[in-house]
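J.:
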Amino acid sequence: MTQQERYVYPGALHIHTTYSDGSGTVEEVITAAHEAGLRWIMITDHDTLDGRHYEGWHEDVLLLVNHEITPLKNHFLALEIDEVIDRQQPTQAFIDNVYGRGGFGIIAHPDDHLVNKDEGVHPWDDWAVNWPGNATAETSIGIEIWNMMADWRSNRNRIQRPQHLTDLRLSRVARPMP
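Take 28 as the starting number for the sequence shown in the numbering used here and just add one per residue.
1) Going along the chain, which residues of its own chain have a beta-carbon closer than 6 Å to the beta-carbon of glutamate 107, five neighbours each way excluded?
2) CB-CB under 8 Å to proline 137, same chain, minus the five flanking residues each way: which ones, in chain order?
3) Spell out the partners DSSP gives alanine 105 in its beta bridges.
4) Locate the beta strand (DSSP E) running through histidine 41, then write down its first and last residues.
5) Starting from the C-beta of threonine 193, find all residues in its chain whose C-beta is less than 7 Å away, skip the five residues before and the five after it, and write them out in chain order.
6) How would you label alanine 60, buried or exposed, when you count the other beta carbons within 10 angstroms and need 16 or more for buried?
7) Out of curiosity, what's the CA-to-CA distance linking glutamine 115 and glutamine 31?
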């Protein structure tokens, strides 16, 4: 593939809606994605696939619906499986369950850290986990390298919120800053 043959498909991963702790409905998130110029979005509400019936193309935006496994710590995005994985299992067990069902997983907000004792933080602290039990040479686990809410929460007392973000409520999807 040459440089001229490459394509860019901007999107957003790890979006929450009113099906869990997001402030926007699925319809509002889709609208925000259109307005932001995104081509795909992935909803990963906490421990539910309730929005799955929205999955598919919405004009020029592809919506994928998966879920986030949310024990107290060690949150994990469970992708491409048809049932919600029990969050009460040990970390290795839920990783094995995701991959055992043919899915793929991403370690979510691994560096989430406490700034305000009243806010929930959910860092990844079980680095002793192994590859899924059915791993092959091609098996991989993803890791979220940046999470807007973890970053925003950690800096919110140190910076003033830009005026154009004062009505940011659509599950953290907004237009890029100029």
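Every residue gets a Cβ at the ideal spot worked out from N, C-alpha and C, and that includes glycine. In this text, all values refer to a predicted model and were calculated from it rather than measured experimentally.
T.: With the given structure in hand:
1) Scanning its chain for C-beta atoms nearer than 6 Å, with the 5 sequence neighbours on each side dropped, one finds around glutamate 107 the residues Gly130 and Phe131, in chain order.
2) Pro150, Trp151, Ile170 and Glu171
3) His94 and Gly132
4) Start and end: 38 to 42.
5) At threonine 193 the pLDDT is 36, less than 50, meaning the model places this residue with poor confidence; the figure from the coordinates comes in the next sentence. Contacts found: none.
6) buried
7) Between the alpha carbons of glutamine 115 and glutamine 31 lies a gap of roughly 48 Å.
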